[in-house]
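S.K.:
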Amino acid sequence: MRHLIAALGLALVAVAAGAAEPIILKFSHVVAIGTPKGKAAQRFKELAEKYTGGAIRVEVYPDSSLYKDKEEFEALQLGAVQMIAPSLAKFSPLGIRSFEVFDLPFLFDNEAELHRVTNGPVGEALLESLESRGIKGLAFWDNGFKSFSANRPIRRPGDLKGLRMRIQSSQTLYEQMRVLGAQPEVMGFSEVYQALKAGVVDGTENPHSNLFTQHMDEVQSHVTVSRHGYLGYAVLTNLRFWESLPGDLRDGLERAMVDATRYANSIAAEENERAIERVRAAGNAEVYELTAEEREAFRQALLPVHRAMAGRIGRSLVEAVYEATGFDPDGN
Ligand code: LMR
């Protein structure tokens, strides 16, 4: 009884002080909680609530539980959610092709090269370009380098010939699979496991954290560690929502995003390493790592994708990225 009276007292004090209801920030994403993006979203929630003194409450909806790939951008633009973190390969349905630069195969050798782009003027300009769509780009979050998976060994570029390969909604990834003689199939992330299981598609590509947490290794006989391309994210908010926030709350969210970004980018490589170890230990799919020569054969086979897609992505942007990374499009 004493507790009840105390609680009632507190409630009355809050009402008397005019304590406002917290602002709800819904953050929707499509991957599992135990992935780099899933963990970073959770970290952002904790920090954002702390730094705004509880004035903002962040509700994270993982695993496509609120919106799937196709719906996420629209939900953000309509204000049905306030934050999403789509893969950089999913921006063309928004009418923005430039983010496909990240899909160019073998563009980045390592995270340091990637960060020269995402943390430099190119990354800043890319995020700014979203404002014309009513979207504020807040940060880039890492995932990692992709591996191929299928129901046959993939060791040479020709091994993908005739396979129906699931891809994200990127014309550059479409071209990548086409050049390898595969049949690309655009499909939402939430459908991939079932599609692989039912044989609707034969294979796919993803960083290991996604492969493992979606149980793709249980429905694929072979995984090839190829590091042939990169998959990462941009964290986005609705521009109108962002601008409507009082300055101190926006500062709190900005600080939370800086810290969550540092966290995301510090765990991603390790999480992917751990995920492939778990795939190996589970023993469902055979894991093969390409030798340096085999990887070079893929690189040479996929270089034409750069030439074919530069016009679509924007030549000056592609060249600025080459400049930042030291990538040689002639393959030397
Ligand atoms: C995919 O669709 O394969 C990825 O974009 C999922 C994700 O968000 O990591």
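Per this note's numbering, the sequence shown starts with residue 1378, numbered consecutively.
Glycine included, every Cβ here is placed at the ideal spot set by N, Cα and C.
Predicted model, so just to flag it, every value in this text is computed and none were measured.
Would you check if the region 1501-1513 and the region 1543-1562 touch, i.e. whether three or more CB-CB distances between them fall below 8 Å?
M.R.: Contact fails: fewer than three Cβ-Cβ distances are below 8 Å.
S.K.: Buried or exposed: residue 1463, going by 16 or more other Cβ atoms within 10 Å of its Cβ?
M.R.: Here residue 1463 refers to the residue found at position 86 when the sequence shown is read from its first residue. Burial call: buried.
S.K.: Which of helix, strand or coil does DSSP assign to residue 1653?
M.R.: The residue given as residue 1653 occupies position 276 in the sequence shown. Helix at residue 1653.
S.K.: Check whether the Cβ atoms of residue 1570 and residue 1591 lie closer than 8 Å to each other.
M.R.: Stepping through the sequence shown from its first residue, residue 1570 is reached at position 193. Stepping through the sequence shown from its first residue, residue 1591 is reached at position 214. Closer than 8 Å, so yes.
S.K.: Just how far apart, CA to CA, sit residue 1702 and residue 1502?
M.R.: Position 325 of the sequence shown holds residue 1702. Position 125 of the sequence shown holds residue 1502. Each residue's alpha carbon lies about 17 Å from the other.
S.K.: Let's test the definition: count the other Cβ atoms within 10 Å of the Cβ of residue 1498 and tell me whether it reaches 16, buried, or not, exposed.
M.R.: By 1-based counting over the sequence shown, the position of residue 1498 is 121. By the neighbour-count rule (16 or more Cβ atoms within 10 Å), residue 1498 is not buried but exposed.
S.K.: When you compare each of 1669, 1409, 1465, 1677 to residue 1442 by their alpha carbons, which one comes out closest?
M.R.: In the sequence shown, counting from the first residue as 1, residue 1442 sits at position 65. The candidate whose alpha carbon is nearest that of residue 1442 is 1409.
S.K.: Give the secondary structure of residue 1522 by DSSP, where H, G and I count as helix, E and B as strand, and everything else as coil.
M.R.: Stepping through the sequence shown from its first residue, residue 1522 is reached at position 145. Strand.
S.K.: Is there at least one non-hydrogen atom of the ligand LMR closer than 7 Å to the beta-carbon of residue 1408?
M.R.: Taking the sequence shown and counting its residues from 1, the one referred to as residue 1408 is at position 31. Yes; taking the cut-off as 7 Å, the Cβ of residue 1408 has a heavy atom of the ligand LMR nearer than that.
S.K.: Excluding five sequence neighbours on each side, which residues of the same chain lie with their C-beta closer than 7 Å to the C-beta of residue 1431?
M.R.: Position 54 of the sequence shown, counted from the first residue, corresponds to residue 1431. Closer than 7 Å at the Cβ level, and outside the excluded window around residue 1431, lie 1399.
S.K.: Relative to the C-alpha of residue 1557, which residue among 1465, 1423, 1682 is closest?
M.R.: By one-based count along the sequence shown, residue 1557 stands at place 180. Closest option to residue 1557, Cα to Cα, is 1682.
S.K.: Between which two residues does the alpha helix (DSSP H) harbouring residue 1682 extend?
M.R.: Within the sequence shown, the letter at position 305 stands for residue 1682. First-last of the alpha helix (DSSP H) with residue 1682: 1669-1690.
S.K.: The ligand LMR heavy atoms versus the CB of residue 1566: any closer than 7 Å?
M.R.: Within the sequence shown, numbered from 1, the residue matching residue 1566 stands at position 189. Yes.
S.K.: Run the proximity test for residue 1445: is its beta-carbon closer than 7 Å to any non-hydrogen atom belonging to the ligand LMR?
M.R.: By 1-based counting over the sequence shown, the position of residue 1445 is 68. Outside the cutoff, so no.
S.K.: Run through the DSSP bridge pairs and tell me what residue 1615 is partnered with.
M.R.: On the sequence shown, position 238 is the one that residue 1615 refers to. Answer by DSSP bridge pairing, in chain order: 1512.
S.K.: Using the DSSP secondary-structure output, state which residues sit across from residue 1583 in a beta bridge.
M.R.: By one-based count along the sequence shown, residue 1583 stands at place 206. Its beta-bridge partners are 1524.
S.K.: Thinking just about the alpha-carbon of each residue, which of 1449, 1484, 1632 is nearest to the one in residue 1425?
M.R.: As a first step, residue 1425 must be located in the sequence shown, where it is residue number 48. When only C-alpha atoms are compared, the closest one is 1632.
S.K.: How many angstroms separate the CA atom of residue 1644 from the CA atom of residue 1541?
M.R.: Position 267 of the sequence shown holds residue 1644. Position 164 of the sequence shown holds residue 1541. One C-alpha to the other measures close to 32 Å.
S.K.: Output yes or no for whether 8 Å exceeds the beta carbon distance between residue 1635 and residue 1478.
M.R.: Working through the sequence shown from its first residue, we reach residue 1635 at position 258. Working through the sequence shown from its first residue, we reach residue 1478 at position 101. Not closer than 8 Å, so no.
S.K.: To the nearest angstrom, report how far apart residue 1706 and residue 1693 are at their CA atoms.
M.R.: Numbered from 1 along the sequence shown, position 329 holds the residue referred to as residue 1706. Numbered from 1 along the sequence shown, position 316 holds the residue referred to as residue 1693. Cα to Cα, residue 1706 sits roughly 14 Å from residue 1693.
S.K.: Whole angstroms is fine: what's the gap from residue 1378's alpha carbon to residue 1445's?
M.R.: Translated into positions along the sequence shown, residue 1378 becomes position 1. Translated into positions along the sequence shown, residue 1445 becomes position 68. Residue placement at residue 1378 is poorly supported in this model, since its pLDDT is 41, which falls under 50; the coordinates are not used for a value here.
S.K.: Measure the beta-carbon distance from residue 1617 to residue 1456 and round it to whole angstroms, keeping in mind my assumption that it falls under 8 Å.
M.R.: By 1-based counting over the sequence shown, the position of residue 1617 is 240. By 1-based counting over the sequence shown, the position of residue 1456 is 79. Residue 1617 to residue 1456, Cβ: 7 Å. Contact.
S.K.: Return yes when at least one heavy atom of the ligand SAM lies under 7 Å from the C-beta of residue 1608, else no.
M.R.: In terms of ligand content, the structure shown lacks the ligand SAM and carries the ligand LMR instead.
S.K.: At the level of alpha carbons, what is the spacing between residue 1465 and residue 1397?
M.R.: Within the sequence shown, the letter at position 88 stands for residue 1465. Within the sequence shown, the letter at position 20 stands for residue 1397. So the alpha carbons of these two residues sit roughly 37 Å apart.
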